[in-house]
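Chemist:
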Amino acid sequence: MKLIILSAALLGVFLAPILASNNVNVNNQGNTGGNSHQSVSIDNQKQVVNVDNNNGWHSWNSIWDYASGYIATRIFSKKACIIAPLNKQIMPDVTVLPQAIKEKQKTGAQGPPDKQLTYTVSRNKITDLSTYGKNIENLCRGVPTYLAHEVKAPSFVYYHGSCFRSNILCLLGISYCGETLEY
2 MKLIILSAAL LGVFLAPILA SNNVNVNNQG NTGGNSHQSV SIDNQKQVVN VDNNNGWHSW
62 NSIWDYASGY IATRIFSKKA CIIAPLNKQI MPDVTVLPQA IKEKQKTGAQ GPPDKQLTYT
122 VSRNKITDLS TYGKNIENLC RGVPTYLAHE VKAPSFVYYH GSCFRSNILC LLGISYCGET
182 LEY
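Under the numbering used here, the first residue of the sequence shown is numbered 2, with each subsequent residue one higher.
#1: Give me the Cα-Cα distance between Asp66 and Thr108, rounded to the nearest whole angstrom.
#2: Considering only the beta carbon of each residue, do Leu173 and Leu87 sit closer than 8 angstroms?
#3: Tyr120 bridges to which residues according to DSSP?
#4: Can you look up Thr128 in the DSSP assignment and give me helix, strand or coil?
#5: Below 8 angstroms, can you find three or more Cβ-Cβ pairs linking the segment 71-89 to the segment 125-141?
#6: Could you pull the start and end residues of the beta strand (DSSP E) that Gln168 belongs to?
#7: Select from Val50, Ile72, Ser40, Asn51 the residue whose C-alpha is nearest the C-alpha of Glu189.
#8: Let me know if Arg166 comes out buried or exposed under the rule of 16 or more other beta-carbons within 10 Å of its beta-carbon.
#9: Give the range of the beta strand (DSSP E) segment to which Thr108 is assigned.
#10: Between Ile169, Asn125, Ile43, which lies nearest to Val97 when the distance is taken from Cα to Cα?
#11: If you follow the beta strand (DSSP E) that Ile84 is in, where does it begin and where does it stop?
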């Protein structure tokens, strides 16, 4: 009986880090004109990352669904949601993301993120959110939702309009550009 209890305890010790969710909170008080608070919740089992950026009217929420292969960002000031393919070559893997965030926090890194992604947003609204998975469907339900495509080599010649930029803990910068963001 003691062997069974010992085996279960050891199994729990080794499985807990693998199956656990990670939560990271960052307060950014270096903003010009205010505070922002960013939290990242990571569910390793479901392969989903939830990034929540609280900054008043400029708040946004993003879901990185590694299982479905899409990211979605709900921009509260625009009352819109944008869905884009998840670039696994640039975006940190869900398993290494917690360590990458901890490293950035240790160094107190500020400034531009290590990696950048730029997307162009389509004018056409998405009508069926179910094809992007439950997590993204729940995030974008009830607001106009648009599909975005990655721009491999962004330039000023390519697009002169409005862009919404999100910075995830100085690890990754994502820009969504398009006419749908100008209203």
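For each residue, glycine too, the CB sits at the ideal point set by N, CA and C.
Modeler: Put simply:
#1: For the purposes of this step, residue 66 is taken as residue 65 along the sequence shown, with counting starting at 1. For the purposes of this step, residue 108 is taken as residue 107 along the sequence shown, with counting starting at 1. Rounded to whole angstroms, the separation of the alpha carbons of Thr108 and Asp66 is 28 angstroms.
#2: Here residue 173 refers to the residue found at position 172 of the sequence shown. Here residue 87 refers to the residue found at position 86 of the sequence shown. No. Outside cutoff.
#3: Position 119 of the sequence shown, counted from the first residue, corresponds to residue 120. Per DSSP, Glu151, Tyr177.
#4: Counting from one through the sequence shown, the residue named residue 128 turns up at place 127. Three-state DSSP puts Thr128 in coil, outside helix and strand.
#5: Yes, the segment 71-89 touches the segment 125-141.
#6: Your numbering for residue 168 matches position 167 in the sequence shown. This sequence places Asn at residue 168; Gln is not what is there. Residues 164-169.
#7: Look at the range of the chain in this structure, 2 to 184, and you will see that residue 189 is not part of it.
#8: Along the sequence shown, read from residue 1 onward, the residue named residue 166 stands at position 165. Burial is judged here by how many other beta carbons sit within 10 angstroms of a residue's own beta carbon; Arg166 has fewer than 16 and is exposed.
#9: Position 107 of the sequence shown holds residue 108. Boundaries for Thr108: no beta strand (DSSP E) harbours it, while the alpha helix (DSSP H) harbouring it runs 98-108, taken from the DSSP string.
#10: On the sequence shown, residue 97 is found 96 positions in, with the first residue counted as 1. Residue nearest to Val97 within the set Ile169, Asn125, Ile43 is Ile43 (criterion: CA-CA distance).
#11: Locating residue 84 in the sequence shown gives position 83, where the first residue counts as 1. In this chain, the beta strand (DSSP E) harbouring Ile84 covers 81-86.
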